[in-house]
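Colleague: Residues in the sequence shown are numbered consecutively from 4, following the numbering used here.
Beta carbons are placed, not taken as given, at the ideal position from N, Cα and C, and that holds for glycine.
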Amino acid sequence: MSIRLGILATLALVQTNAIAETTSLKVLGQPVGSGLIQQQKEQPFFENFAENSGMDVKIDYLPVDVAGIPDNDGMRVLRTGLFDIVSVRGSQVSRDEPTILGLDLVGLNPDFDSGKTHVEAFLPTVDKAVQKRFNARLLGVWPAGPQVIFCKPEISGLADLDGLKVRVGDQTAAAFVDKFGATGAPLPFGEVQQSLARGVVDCAITGPASANSGGWPEVTTTVLPIALQLAMNGYAINLDSWNKLNEDQQAQLESAIDSLVDDVWTYSEELYTDAMNCNTGAEPCTHGKPYSLSAAEVSDADLESVKQALVETSLPGWSAQCNKVNPDCEADWMATVGAQLGL
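(1) Taking DSSP as the reference, what is the three-state secondary structure of Arg136?
(2) For Ser317, collect the residues of the same chain with a Cβ closer than 7 angstroms to its Cβ; drop the 5 residues on either side in sequence, then sort them by chain order.
(3) Would the region 44-60 and the region 255-265 be scored as touching if the rule is three or more Cβ pairs under 8 angstroms?
(4) What is the residue span of the alpha helix (DSSP H) that Arg201 lies within?
(5) Leaving aside the five residues before and after Met78 along the sequence, list all residues of the same chain whose C-beta is less than 6 angstroms from its C-beta, in chain order.
(6) What did DSSP end up calling Leu141 once you bin it into helix, strand or coil?
(7) Leaving out five residues on either side along the sequence, give the residues of the same chain with a beta carbon under 8 angstroms from the beta carbon of Asp243.
(8) When DSSP builds the beta bridges, which residues end up paired with Val30?
(9) Using C-beta distances below 6 angstroms, list every residue in its chain close to Ser271, excluding the 5 sequence neighbours before and after it, in chain order.
(10) Verify whether the separation of the beta carbon atoms of Gln46 and Gly32 is less than 8 angstroms.
(11) Just to confirm, is the Cβ distance from Pro211 to Tyr275 under 8 angstroms?
(12) When DSSP labels each residue in this structure, what does Thr283 get in the three-state scheme?
(13) Can you say whether Asn215 is buried or exposed, counting buried as having 16 or more other CB atoms within 10 angstroms of its CB?
(14) Under a three-way DSSP split, which group does Pro146 fall into?
(15) In whole angstroms, give me the CA-to-CA distance for Ser159 and Ser297.
(16) Would you say Leu108 touches the ligand GTP, meaning its beta carbon is less than 7 angstroms from a heavy atom?
(17) Here's a check: name, in chain order, each residue in its chain whose Cβ is nearer than 6 angstroms to the Cβ of Leu263, leaving out the five neighbours to either side.
(18) Identify every residue that forms a DSSP beta bridge with Thr386.
(19) Measure the C-alpha to C-alpha separation of Asp303 and Asn112 and round it to an integer number of angstroms.
(20) Buried or exposed, going by whether 16 or more other CB atoms sit within 10 Å of the CB of Thr19?
(21) Once DSSP output is grouped into helix, strand and coil, what is the label at Ile72?
(22) What are the boundary residues of the beta strand (DSSP E) that Met235 is part of?
(23) Please classify Leu11: does DSSP put it in a helix, a strand, or coil?
(24) What's the gap between the Cα of Asp2 and the Cα of Gly105?
(25) Nearest to Leu28 by alpha carbon, out of Leu164, Asn51, Lys44?
(26) Under the rule that 16 or more other beta-carbon atoms within 10 Å means buried, what is Gln343, buried or exposed?
(27) Using beta-carbon positions only, say whether Ser2 and Gly38 come within less than 8 angstroms of one another.
(28) Look at Ile208 and Val169 and say whether their C-beta atoms are less than 8 angstroms apart.
(29) Is it buried or exposed, Asn246, if we count other Cβ atoms within 10 angstroms and call 16 or more buried?
What follows is the structure in structure tokens.
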């Protein structure tokens, strides 16, 4: 009897240790309403994380809008450790950590290739700031896609924004629309569709795929397809959670997130063209719901305005804001991204 009890006790101890060795991570994701990147890439990735990473890990994944947490609270959630990993929405959290906006200033990234180059150059600076101020480590950054302008009144170009209220994601976008006589209004993504319908705002800026998923074409008439930003988002992990992982686990986690980030970069570019087709009633429309918005023709003057915005508006405004919390912010940006641009 004692031998049998001893064996049972040993088995129980082994089972207890096995359970204890299973890592549990709470993940706060992108809003469900933001579209297909969340639905088709991010959520399936984390729901199958053990298979994707090779880690013995249990993931508790929750989209930020389902959790009832404002998407601009991402950095504060990270610092508290309420969630181990947060899918950070760059523009939305830039008020708390303006350094992150240096990855995607208005006029900086007119296409995906330039976005990749500038992210690679400035990401170490952003990660250093995030570690220092929010006890978190950046694992990777990806774009939601070119941010364009959707309007309820018909517009033919940027000059027609004069006197209108425009939903913006960050202060550099607000400064840009102000240049044309518009008022920038920061709103959480989930509130935009109703705000457009009720006239709280006249126009709003986001990617075509997100707009399609959010039903924006139901309450707007026109899209001006001029890329202001790429809407950089990313994944960050609380440093206390990171330090609980051993070196092998850290390497597995980083490798898995790298694969997801690479996948989203490719998918985001595919979605942009398809979503523009869907929003304007063109074919092929594979991933979204077909609508019939008018697409305003982008003029050379408007393209030049966006190009000049980097030096004239977004960079000076952002530098002043960022240097207040990160004294080396502008200098680091100029030494990396600025050097690549020849500024």
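Modeller: Walking through what the data contain:
(1) helix
(2) Leu108, Val109, Gly110, Thr175, Ala178, Phe179
(3) yes
(4) 192-201
(5) Val96, Asp99, Glu100, Phe137
(6) strand
(7) Gly84, Asn138
(8) Tyr64, Ile88
(9) Pro146, Gly148
(10) yes
(11) yes
(12) helix
(13) buried
(14) strand
(15) 10 angstroms
(16) For the structure depicted, the ligand GTP is absent and the ligand set is empty, with no information on it obtainable.
(17) Phe48
(18) Beyond the ends of the chain as shown, which are 4 and 346, falls residue 386; an answer cannot be given.
(19) 17 angstroms
(20) The predicted model places Thr19 with a pLDDT of 40, which falls under 50 and marks its position as unreliable, so this point remains unresolved.
(21) coil
(22) 235-241
(23) Annotation note: pLDDT 41 at Leu11 (below 50); position unreliable, no value reported.
(24) Any question about residue 2 goes unanswered here, given that the chain covers just 4 to 346.
(25) Asn51
(26) exposed
(27) Summary: the structure shown does not reach residue 2, with the chain confined to residues 4 through 346, and so no result is reported for it.
(28) yes
(29) exposed
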